[in-house]
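Residues 358 to 540, numbered by the numbering used here, are exactly what the sequence shown covers, in order. All C-beta atoms, glycine included, are put in the ideal place defined by N, C-alpha and C.
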Amino acid sequence: MQVLITGGTGFLGLSLAERLAQSGVRTVLFGMSPPPPGAIARLTTNPGPVVALPGDIRDEARFGTVLRDYGISHIVHLAAISAGPDRERHDAREILDVAVLGALSVLTAAQRHLVRRVVLVSSAAVFGPLAFTSAPLREDGAIRPDTLPAIGKAAQEAMLDRLAGLSGLDSVVARLSDVFRPV
């Protein structure tokens with residue numbers, strides 16, 4: 358198994374890469390930011406090889422080349438722009454471009470290169486304010502995203518559902534909330 362993690366140099370991507378590498382899985386981290394100092398050295402002490410490659414998921418040609426050259430069989434899509442209200446006001450186009458068009462590039466490249474499975478990491482924020490109450494959430498409950506990143510995640514889920522239905526792409530959505538790990 359060869360796994361590519363978009364947004365792989367972020368907190369969640371590096372945590373996942375560590376677990377995969379411990380299991381002997383070859384892992385490619387693909388993202389705009391370089392990994393923090395020492396992160397790759399720490400990861401390479403595990404049985405599975407880890408490589409970090411710079412790139413923008415919106416560059417479908419580059420992304421496809423990486424899928425082909427590294428024989429990627431699985432993609433975990435984490436790439437996103439986290440944003441509060443100030444950034445939403447000033448960078449709305451960029452936030453949604455990465456979320457929607459970036460995800461579309463990932464999904465179409467996955468189809469073209471016959472990736473076996475795509476895991477879309479979404480967020481409980483797609484439920485809007487309900488995600489932050491004590492009321493239980495149902496995965497089939499109504500979504501009411503109220504921030505641009507959450508709107509982007511909701512769009513990604515809908516795109517994945519449609520494109521996977523059209524192509525037979527094996528896929529799963531994981532809606533995460535309150536992600537943390539021991540230090």
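Taking DSSP as the reference, what is the three-state secondary structure of residue i?
i, result
"P411", "strand"
"R469", "helix"
"R383", "strand"
"V530", "strand"
"T422", "helix"
"G388", "strand"
Considering only their Cβ atoms, is the gap separating residue j from residue i smaller than 9 Å?
i, j, result
"R474", "I414", "no"
"Y427", "V385", "yes"
"L369", "V423", "no"
"A543", "G405", "A question about residue 543 goes unanswered here, because the residues of the chain that appear run from 358 up to 540."
Take residue i as the anchor and find which of the options has the nearest alpha-carbon.
i, options, result
"R532", "S430, A481, A512", "A481"
"V463", "G370, P404, L520, R444", "L520"
"D443", "A437, I452, A436", "I452"
"V541", "R469, S528, L371, L471", "Lying outside 358 to 540, the shown extent of the chain, residue 541 is not represented and no answer is given."
"A456", "S439, G421, S390, D497", "S439"
"V478", "F489, D416, T363", "T363"
"P392", "V382, N403, G412, S380", "G412"
"S528", "E514, G395, R446", "E514"
(request) Say whether the region 476 to 489 touches the region 505 to 513, bearing in mind that this needs 3 or more beta-carbon pairs closer than 8 Å, one atom from each stretch. (result) Touching, yes, given that three or more Cβ pairs across the two stretches are closer than 8 Å.
(message) I'd like the ranges of any alpha helix (DSSP H) spanning at least 4 consecutive residues and lying wholly in the region 424 to 499.
(response) The DSSP assignment places complete alpha helix (DSSP H) segments of no fewer than 4 residues inside the region 424 to 499 at 442 to 453, 460 to 469, in order along the chain.
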